[in-house]
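Protein chains in written order, with numbering that gives the first Met the number 0: chain Y, 0 to 399; chain H, 0 to 501. This report concerns only the one structure given below.
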Amino acid sequence: MSMQNRPAIVAAGRTKFGEHYEKEPEKLIEEAWLKASAEANLERKDIQACYISDYFLPITNKLGLEEGWLSELTELHVPMEVTRSFGSALSNACNAIRAGSYDTILVGGIEKMTDRWDKIRDDLMLLEDPWSYYAGCTPEANHELMLRAYIKKHNIKNENLHKLETALAQISVKNHLHATKNTCAQYQRKITVEQVLNARKEARKPLGLYDFAPITDGAAVLILTSEQKAKKLTDKPIHILGFASATDYLTYPEREDMTHFLVTETAMQKALKTAQTSLQDIQLLELYDQSTVMELISMEDLGFCKRGTAWKTIHENCENYKGYYQIEGKQLFTNMNGGLKADGNPLGATGGAQIYEIFKQLRGEAGERQAKADSELKHGCVLELEGFGTKGYVYILGRD
Amino acid sequence: MSSEPIERRVSYLGDRLRGSRCQICGKEYFEIRDYCGKCGRKSFGKMDESDLFFEKGKLEVSTLINEPTNKFIKLGNFVYGIVSFHDGKIRVPGRLTDRMIKDNDTVDLSTFEEREVVPRFRRRYSVSASDVIPTISLTFTFADEYYPHQEYKKVKPSKDYDAPGIVGYGVYSSRFRIKEGNLERAVPFIDEDSITAAVEAGKLALIHSSIDTTLVGKIYVGSESNPYAVKPIASKVAQVLKLGEEDEDVQGIDAIDTEFACKAASSMFKDAASLVNYPESGVNHAMVIGTDNSQAAPRNSPGGELDLFVGYGAAAFIFGKQDVIAEIEGWYSCTSDTPDFWRRDGESFPSHGGRFTGDPAYFKHVRKASSKIMEKLNLKPCDVTYFVAHQPNMQFPIRIAKELGFKEEQYQPSLQVAKFGNTYSGCSPVGLAAILDIAKPNERILITSYGSGAGSDAYSLITTNQLLDKRSRQKLTVKYQAENPFLEYVDYTTYRRLKLGM
């Protein structure tokens, strides 16, 4: 059954991602909101509700209730709800539109992580999985364990292991390459496979500096409306055709399978069903590459590659990279904004930047980084995760 | 800043690795659950309590942590991974401990994976000096190294005794040593302290005695290096080892810490024995632990002479009247107010009276207690098979043993100070354990402790036939720990750092 009352995105705005030590957190979301509202030609009074996400802004920035702070900023007294991830905020907004509660909603995401640089890894780890934290886990360690478990399970050895390691490096290189055309990206510079490998050597680990997304400040805002309202505001609305989320145990070691994320697989299957689309329809893909391993595993969890084979596909495609993955003869433009690795990863805003990218690409407004597809771009998919695969959100976006 | 209620809950589960198992589908959980997630409501009341404390696991995957989170920085580099128990039915996160990894060391993780590991009770991470000390047993060591896995099996007692005595014992010392001249001394790993050693020794004593832990009615822990000025070690030992009948999350046992310099534990032997011998007490077994991360000021500063001798370790003894391995024949204690060694409240290290610690202190009290008990029991030195004296250094116990008329073969086997250093409250008890490890049935052991301040307790023990029956249950003997091929030797700077802890 396809979705009734398809929610539509009519405008999107975001800040540059990176370190914004000079700015208050509210300045960032204000900047994103101003860009989005200008694009949709909306005024504050047109907003009927706000769904805002931040992973841990009250911890990093010693803030009170975010809703009150937003009310002061916008002089709005409408319903406002705060969630931890953009995917979650958007889910709530979509459900509200579909229920007919509102027809114009501001969906925003904000994070300001660099203000707590010295303690942030402890915070991140404690929120991600307290028992693992107590046993000494770091935000990077679970990615390494997942990689080792994956290698073991699929018995990847020798030359293949070398290819897998290279493929992971190539993911990072590809994302950095894409980000060179993204003026909002945290890192707009190319890197090489050698740099990625050297960083691992320096760290004496299977994953190094260039395998992980950075600590980032930033904000992103969407204007979400009903299908009817969208027609009045724009002639190029992007519809949310399907969305789904799933949850899993907080403690990663306790999950049945340590080599992939159940949440991604579950959410994708449901999202495709509600969107009445198939995998083959997806041309644009924004993955949640908190690490290169996460991007690799996600390709399998979403169904684009068979289990234990994504590294082969990636390696084959990246040896002579054309700007997209060629999978079974079809183009798949992946992480066109540079991914979390190069665009940046301001947790609560990250999903917003992912949706922003698909929105711009589907509208043909991505400028220099516009995907040059063989066929007309119609469908995009976004995967956002929370914790270490504790929650997963999948959005299928499309235009008529 | 920490939260005490959170600390209580985390350590309640994490120290013992408490879990649950569904009677219907067999799913296991690392946490206490009232029902099974898979079976739902029908599993209410059908969850078995379980814990992994005495089990062995398998390290499934691991990774090197060389950029730890802030609270783990003092650990340096370490290996972290995922440990499975019960053929993978239950998995937990875990840190490998007792392993020093230098920045340039290459760590081949493939040699770690699939290996059996044993949970170890340790400090969890660093906190500020005023906080509650967090502990956990999600720390592991390999079963094929220093610390083998040993099953804890409850065995129904087969024999009653008229006199109370020792029914089991355990000695724990660390994997690390400092060697200076002929003297080797045990050094705690950075996540160890007198609390963790007490728990380890108690655990080993339970394994050795095979008693039912619910029948332990009293626990005494003697120490002079409790990291808390106020807060007992005994309560931690009682909870982690589940001593006494557990009701909700409270153990049905009396737990108390004692302090009298190096005789804090030995003094309680008679109290434990008397208690189990008093029918109305309802106490079947009483446990006494002497534990110390022996303190000493750095060398070349006041009190720094002690730094040449201090060790680390604990010894636990369980007293009872069933399946006794050594009966108590008699005792004698003496006390005088002799200020030979002390530590003022708030001071990090003890001070001592130099020359004064010898004749008016150690020798006077050990001599008095030893000769008085021999007089009381009408014993001559030749009636005693082994003599154990408190051993703050190599010279003192030998001098007093000779003076009392004992021959080398009578006192030499108990001398462990050259292997572990002076383990303060654990010192003469470790000597006693070394004897129990090798003694034959029907031999007499005379042990005389000494505690500065000052006093001595002398005991005469007679070994029984059951000593031999129980011996095979304990792999971690004193000799095993003294001569283990996996011992790691550290330099002076590392020794001071490790001793200071997290």
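Glycine included, C-beta positions come from ideal geometry on N, C-alpha and C. It should be emphasised that the depicted structure is a prediction, and the values quoted were computed from it without experimental measurement.
- The beta carbons of Y:M293 and Y:V393 sit no closer together than 7 Å.
- Within chain H, the residues placing a beta-carbon under 9 Å from that of Y:M124 are T68, ordered along the chain.
- Taking a contact to require three or more Cβ pairs closer than 8 Å, the segment 3–21 of chain H and the segment 311–326 of chain Y do not qualify as touching.
- Bridge partners of Y:H238 according to DSSP: Y:A7, Y:G397.
- Per DSSP, the continuous alpha helix (DSSP H) segment holding Y:D122 begins and ends at 119–127.
- Out of H:S300, H:V387, H:L182, H:T463, the CA that lies nearest to the CA of H:K320 is found in H:T463.
- A distance below 6 Å between beta-carbons, with the five flanking residues on each side excluded, links Y:L105 to the following residues of its chain, in chain order: I46, C49.
- DSSP places Y:N94 within a helical segment (H, G or I) once states are collapsed to three.
- Using beta-carbon distances, Y:D247 does not count as an interface residue toward chain H, since no partner is under 7 Å.
- Excluding its 5 nearest sequence neighbours in each direction, H:K37 has C-beta neighbours in its own chain below 8 Å: C21, C24, K26, listed in chain order.
- Between H:S208 and H:K217, the alpha-carbon positions lie close to 16 Å from each other.
- Below 8 Å, enough C-beta pairs join the segment 461–479 of chain H and the segment 156–175 of chain H to call them touching: three or more.
- An exposed status is given to Y:W116, since fewer than 16 other beta-carbon atoms sit within 10 Å of its beta-carbon.
- By the C-beta density criterion, H:T492 is exposed, having fewer than 16 other C-beta atoms within 10 angstroms.
- Under DSSP, H:I446 forms a beta bridge with H:V387, H:Y458.
- As summarised for the segment 55–83 of chain Y, the continuous beta strand (DSSP E) elements at least 3 residues long and confined to that stretch are 79–82, given in chain order.
- Y:W32 is bridged by DSSP to nothing; it lacks a bridge partner.
- H:F77 is positioned such that its CB atom lies closer than 7 Å to that of H:I64.
- Taking the beta carbon of H:R7 as reference, no residue of chain Y falls within 8 Å; the closest one sits roughly 14 Å away.
- By the neighbour-count criterion, in which 16 or more other beta carbons inside 10 Å mark a residue as buried, Y:N174 falls on the buried side.
- The three-state secondary structure of H:I100, taken from DSSP, is strand.
- The Cβ atoms of Y:A168 and Y:H314 do not sit closer than 7 Å to each other.
- Y:Y133 belongs to the set of residues whose beta carbon lies under 7 Å from a beta carbon in chain H.
- C-alpha of H:K262 to C-alpha of H:S451: approximately 8 Å in a straight line.
- Around the beta carbon of H:N377, fewer than 16 other beta carbons lie within 10 angstroms, which makes this residue exposed.
- Chain order gives the chain H residues near Y:A148 as E59, V60, I81, where near means a beta carbon separation below 9 Å.
- By the C-beta criterion, the segment 234–246 of chain Y is judged not to be in contact with the segment 182–200 of chain Y, since fewer than 3 inter-stretch pairs fall below 8 Å.
- Boundaries cannot be given for H:M393, as no beta strand (DSSP E) includes it and DSSP labels it neither H nor E.
- By the neighbour-count criterion, in which 16 or more other beta carbons inside 10 Å mark a residue as buried, H:P412 falls on the buried side.
- Per DSSP, Y:H378 is one residue of the beta strand (DSSP E) stretching across 378–385.
- The beta carbon of Y:K359 sits closer than 6 Å to the beta carbons of A365 from its chain, once the five residues preceding and following it are set aside; these are given in chain order.
- Proximity of H:P92 to chain Y, defined by a Cβ-Cβ separation below 7 Å, is satisfied.
- Within the segment 14–31 of chain H, the residues whose Cβ lies closer than 7 Å to any Cβ of chain Y are, in chain order, F29.
- As DSSP reads the structure, H:W330 sits in a beta bridge with H:Y458.
- In this chain, the beta strand (DSSP E) harbouring H:Y311 covers 311–321.
- At a cut-off of 7 Å between beta-carbon atoms, Y:T137 makes contact with chain H.
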